[in-house]
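**Student:**
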Amino acid sequence: MSTLEHTPVQTRGTKPFMPDLVFFEPDALNYPKGQRIMDWVKAKDIPYRMTTSHNRITNLPGETEVEKYRMAKKTLVVGIRKTLTFDQSKPSAEYAIPISTGCMGHCHYCYLQTTLGAKPYIRIYVNTDDIISAAKTYIEERKPEITRFEAACTSDPVGLEHITGSLGDLIRFMADEEFGRLRFVTKYHHVDPLLDIKHNGHTRIRFSINSDYVIKQFEPATSRFEERIEAAGKIARAGYPLGFIIAPIIWYDGWEKGYGELLRRLGETLPQHATKDLTFELIQHRFTKTSKAVIEKRYPKTKLEMDIEKRKKKWGRWGQNKYVYPDEQQNALREFITERIFEHFPLSRIEYFT
Ligand code: SF4
Numbered sequence: 001m002s003t004l005e006h007t008p009v010q011t012r013g014t015k016p017f018m019p020d021l022v023f024f025e026p027d028a029l030n031y032p033k034g035q036r037i038m039d040w041v042k043a044k045d046i047p048y049r050m051t052t053s054h055n056r057i058t059n060l061p062g063e064t065e066v067e068k069y070r071m072a073k074k075t076l077v078v079g080i081r082k083t084l085t086f087d088q089s090k091p092s093a094e095y096a097i098p099i100s101t102g103c104m105g106h107c108h109y110c111y112l113q114t115t116l117g118a119k120p121y122i123r124i125y126v127n128t129d130d131i132i133s134a135a136k137t138y139i140e141e142r143k144p145e146i147t148r149f150e151a152a153c154t155s156d157p158v159g160l161e162h163i164t165g166s167l168g169d170l171i172r173f174m175a176d177e178e179f180g181r182l183r184f185v186t187k188y189h190h191v192d193p194l195l196d197i198k199h200n201g202h203t204r205i206r207f208s209i210n211s212d213y214v215i216k217q218f219e220p221a222t223s224r225f226e227e228r229i230e231a232a233g234k235i236a237r238a239g240y241p242l243g244f245i246i247a248p249i250i251w252y253d254g255w256e257k258g259y260g261e262l263l264r265r266l267g268e269t270l271p272q273h274a275t276k277d278l279t280f281e282l283i284q285h286r287f288t289k290t291s292k293a294v295i296e297k298r299y300p301k302t303k304l305e306m307d308i309e310k311r312k313k314k315w316g317r318w319g320q321n322k323y324v325y326p327d328e329q330q331n332a333l334r335e336f337i338t339e340r341i342f343e344h345f346p347l348s349r350i351e352y353f354t
């Protein structure tokens with residue numbers, strides 16, 4: 001055996017996101033949060049520029065489209081959210097609450113690739129008070145029904161929390177709302193800023209998890225599985241309702257072994273107290289013709305299977321057909337994963353499979 005084989009493997013933790021370039025809308029600096037982010041950018045010595053609008057960032061460095069895309073994922077834009085009408089967010093919540101748009105992750109299958117079109121850079125909004133006032137209006141309109149807000153529809157806000165603090169603001173607000181609930185999902189483990197916040201059980205934090213194969217092949221620049229599970233344990237210890245989203249569920253050679261392993265490892269590593277009131281959301285892989293073209297351009301070597309011939313066509317909400325698995329495969333995936341979930345977590349709840 002060589003000495004190398006005796007050397008313990010150093011597994012480096014996934015570092016919090018650090019942008020290469022930051023743009024500020026001038027008005028953003030009139031808000032305490034904008035000013036605080038500017039101070040942070042200066043302290044970290046990150047290059048910054050001023051811009052007239054967070055929707056008009058041009059001239060990002062890079063020769064090719066792929067280079068520009070990679071640069072955009074390292075570019076942060078600090079602006080003001082002007083549209084305060086919230087989109088619907090079925091099936092996980094009533095409304096999407098917009099605190100950020102864009103993500104530093106490089107998940108091949110991510111739907112932001114098409115929904116954000118030519119603007120893949122990361123936008124964060126400093127007028128959190130306006131966003132919270134709008135949420136309050138939606139809650140008042142629907143009460144005594146509970147109104148749920150999803151904060152991760154267009155971004156992964158946990159990965160940005162060390163810069164924005166916006167999730168903390170929303171959690172504190174929602175703690176006092178009898179009829180309001182917050183939820184968000186993440187692939188990052190940087191949850192420490194959230195642990196001491198008063199939440200009253202009104203915020204459900206979910207971790208996106210997947211089989212080893214899917215994480216390794218398709219989720220570069222996100223936290224490792226072990227990091228996510230450790231963070232889930234911290235979240236449960238802090239008393240937050242906890243959940244997992246298994247998405248996208250992918251059919252590949254060995255999927256039964258992969259998803260079986262995933263749930264077995266989750267059962268073994270999740271602290272016992274974290275398994276009460278646990279929810280699961282299951283989302284099979286889907287794509288559109290547009291997303292397929294974009295993914296093939298941005299990740300030309302991807303092993304993501306997107307063969308229209310092997311899929312079932314389904315009418316999509318945005319007027320585009322999407323391609324999901326044929327019924328037989330869907331049923332096999334759903335049944336197998338459901339059984340494994342209840343085997344390891346008999347008290348959990350599956351919210352939906354879509
Ligand atoms: S972490 Fe989530 S939002 Fe970010 S690229 Fe991956 S799938 Fe998209």
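So for the sequence shown, the UniProt record's numbering puts the first residue at 1; every next one is plus one. Backbone N, C-alpha and C fix where the C-beta goes; we use that ideal spot for every residue, glycine too.
Excluding five sequence neighbours on each side, which residues of the same chain lie with their C-beta closer than 7 Å to the C-beta of glutamine 113?
**Tutor:** Counting only Cβ-Cβ distances below 7 Å, and skipping sequence neighbours, we find Ser291, Val294, Ile295, Arg298.
**Student:** Residue 372 to glycine 201, Cα distance in whole Å?
**Tutor:** Absent from the model: residue 372. The displayed extent of the chain is 1 to 354, so no value can be given.
**Student:** In three-state DSSP terms, what is asparagine 321?
**Tutor:** Asparagine 321: strand per DSSP, three-state reduction.
**Student:** From the DSSP output, read off the bridge partner residues of lysine 314.
**Tutor:** Bridge partners of lysine 314: Lys322.
**Student:** Skipping 5 residues on each side, what residues in its chain have a beta carbon closer than 6 Å to that of lysine 257?
**Tutor:** Here the set comprises nothing.
**Student:** Straight-line CA distance for arginine 12 to glutamate 227?
**Tutor:** Their Cα atoms are separated by approximately 11 Å.
**Student:** Can serine 211 be considered in contact with the ligand SF4, in the sense that its beta carbon sits closer than 7 Å to one or more heavy atoms?
**Tutor:** No, Cβ of serine 211 sits at least 7 Å from all heavy atoms of the ligand SF4.
**Student:** Note the first and the last residue of the continuous beta strand (DSSP E) segment covering glutamate 335.
**Tutor:** Unbroken run through glutamate 335 is the alpha helix (DSSP H), 327–344; no beta strand (DSSP E).
**Student:** Identify, in the order they occur along the chain, each residue of the same chain with its Cβ nearer than 8 Å to the Cβ of lysine 44, setting aside the five sequence neighbours on each side.
**Tutor:** Met18, listed in sequence order.
**Student:** Less than 7 Å separating the Cβ of aspartate 87 from some heavy atom of the ligand SF4?
**Tutor:** The answer is no for aspartate 87.
**Student:** Buried or exposed: which applies to aspartate 196, given that a residue is buried once 16 or more other Cβ atoms fall within 10 Å of its Cβ?
**Tutor:** Classification for aspartate 196: exposed.
**Student:** Excluding the 5 residues preceding and the 5 following threonine 83 in the sequence, name in chain order all residues of the same chain whose CB lies nearer than 8 Å to its CB.
**Tutor:** Counting only Cβ-Cβ distances below 8 Å, and skipping sequence neighbours, we find Pro98.
**Student:** Closer than 7 Å to a non-hydrogen atom of the ligand SF4 - does that hold for the CB of histidine 190?
**Tutor:** No, the ligand SF4 has no heavy atom inside 7 Å of this Cβ.
**Student:** In chain order, what residues of the same chain have a beta carbon less than 7 Å from the beta carbon of leucine 304, not counting five sequence neighbours either side?
**Tutor:** If we look at leucine 304 and ignore the five residues flanking it on each side, its Cβ neighbours are His108, Tyr109, Phe218, Ile295.
**Student:** So, using beta-carbon positions, are arginine 81 and isoleucine 37 closer together than 8 Å?
**Tutor:** Result no, Cβ atoms of arginine 81 and isoleucine 37 do not sit closer than 8 Å.
**Student:** Tell me whether the beta-carbon of valine 77 lies closer than 8 Å to the beta-carbon of phenylalanine 149.
**Tutor:** Not a contact, by the Cβ cut-off of 8 Å.
**Student:** Should asparagine 59 go down as buried or exposed, given a rule of 16 or more other Cβ atoms within 10 Å for buried?
**Tutor:** Answer is exposed; the Cβ neighbour count stays below 16.
**Student:** Mind the definition here: the segment 316–324 touches the segment 256–272 only if three or more C-beta pairs lie below 8 Å; say whether that holds.
**Tutor:** Too few Cβ pairs lie closer than 8 Å, so no.
**Student:** Give every residue of the same chain whose Cβ lies closer than 6 Å to the Cβ of methionine 306, excluding the five residues on either side of it in the sequence, and list them in chain order.
**Tutor:** Within the same chain, methionine 306 has close Cβ partners Phe287, Lys292.
**Student:** Please state whether DSSP places glycine 260 in a helix, a strand or coil.
**Tutor:** Looking at glycine 260 - three-state DSSP - the assignment turns out to be helix.
**Student:** Thinking tyrosine 252 and isoleucine 337 are a contact (beta carbons under 8 Å), I'd like their distance in whole angstroms, please.
**Tutor:** No, tyrosine 252 and isoleucine 337 are not in contact; Cβ-Cβ is about 14 Å, not under 8 Å.
**Student:** What is the C-beta distance between leucine 278 and glycine 243, in whole angstroms, given that I count them as a contact (C-beta under 8 Å)?
**Tutor:** Indeed they touch by this definition, with Cβ atoms about 6 Å apart.
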